[in-house]
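Residue numbers (our numbering): 39 to 328. For glycine and all other residues, C-beta sits at the position ideal for the given N, C-alpha and C. Quantities reported herein were computed from a predicted structural model and do not represent experimental measurements. Have a look at the structure below, then the notes.
Right, here's the structure in full:
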């Protein structure tokens with residue numbers, strides 16, 4: 039099916055970041071399935087990330103050589119894998135750090151979508167080490183499809199239920215184009231969700247809820263009901279918690295959210311909704327940055 043919701047949305051080149059882990063293999067399978075659906079090419083990249091070996095001292099040269107050889111062998115296996123049969127694809131090993139070299143790779147391959155898996159670090163471990171997934175989706179302009187540790191079943195190549203959570207900000211507005219594009223692609227059920235803040239025990243008034251529902255309905259393109267089933271939902275409380283409850287209620291195959299740009303400070307200051315979701319969601323989470 040050819041989607042016509044937004045001329046700005048198209049998926050022709052998909053980039054997969056791999057570290058050859060089982061989770062990364064699932065990300066590759068997911069990317070291949072999406073590539074077949076969209077007729078897109080797949081580009082697989084492995085970053086050596088020399089900073090991981092900085093504390094190895096005299097063993098650095100030997101370990102670096104081993105990592106390079108291992109990368110070449112495993113990328114060669116991916117190049118020949120049945121997973122990518124019939125799909126235009128390429129593999130690449132990058133010798134630098136992800137955030138340093140990723141922008142040039144995205145530009146060179148004209149990437150429209152990034153797919154990656156994440157271990158979903160939490161607590162002190164995340165504060166000290168950071169999250170590669172979060173750094174990526176808050177830095178790049180392309181949407182990022184993330185498979186967190188909670189994804190226990192193979193991701194659907196054609197999601198039948200999509201949950202789009204919006205705070206009506208710039209990032210969410212950008213993400214809505216992908217939500218409707220994908221809903222049209224698969225003629226899916228699309229749930230538009232807005233979470234309102236609740237001050238203590240004071241729930242939002244009926245007029246406030248009605249206003250939020252009206253803003254959600256205003257996002258729906260003309261004629262959308264002819265190619266997908268659209269529902270609107272307004273909840274009150276903490277966004278991550280309420281979206282998690284909505285996920286249990288609607289059982290989506292895909293969650294779409296907006297992601298704000300990375301803060302100027304490098305240390306972690308709080309649980310971002312998009313990352314929190316990705317860490318716990320039972321399905322992939324697609325983020326689009328403002």
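{"Check": "Buried versus exposed call for residue 190 [16 or more other C-beta atoms within 10 Å across all chains shown]", "Outcome": "exposed"}
{"Check": "With 16 other Cβ atoms within 10 Å as the buried cut-off, status of residue 48", "Outcome": "exposed"}
{"Check": "Distance between residue 269 and residue 51 (C-alpha atoms, nearest Å)", "Outcome": "31 Å"}
{"Check": "Beta-carbon spacing of residue 192, residue 324 below 8 Å", "Outcome": "no"}
{"Check": "Any 3 or more C-beta pairs closer than 8 Å across the stretch 220-228 and the stretch 255-266", "Outcome": "yes"}
{"Check": "Residue 314 classed as buried or exposed, judged by whether at least 16 other C-beta atoms fall within 10 angstroms", "Outcome": "buried"}
{"Check": "Start and end residues, alpha helix (DSSP H) containing residue 100", "Outcome": "98-117"}
{"Check": "Three-state secondary structure assigned by DSSP to residue 146", "Outcome": "helix"}
{"Check": "Given residue 109 as reference, the closest of 99, 130 and 251 once Cα atoms are compared", "Outcome": "130"}
{"Check": "Rounded C-alpha distance that separates residue 97 from residue 178", "Outcome": "34 Å"}
{"Check": "Alpha helix (DSSP H) segments (min. 4 residues) lying fully within the stretch 219-286", "Outcome": "244-256"}
{"Check": "Where the alpha helix (DSSP H) through residue 175 begins and ends", "Outcome": "170-175"}
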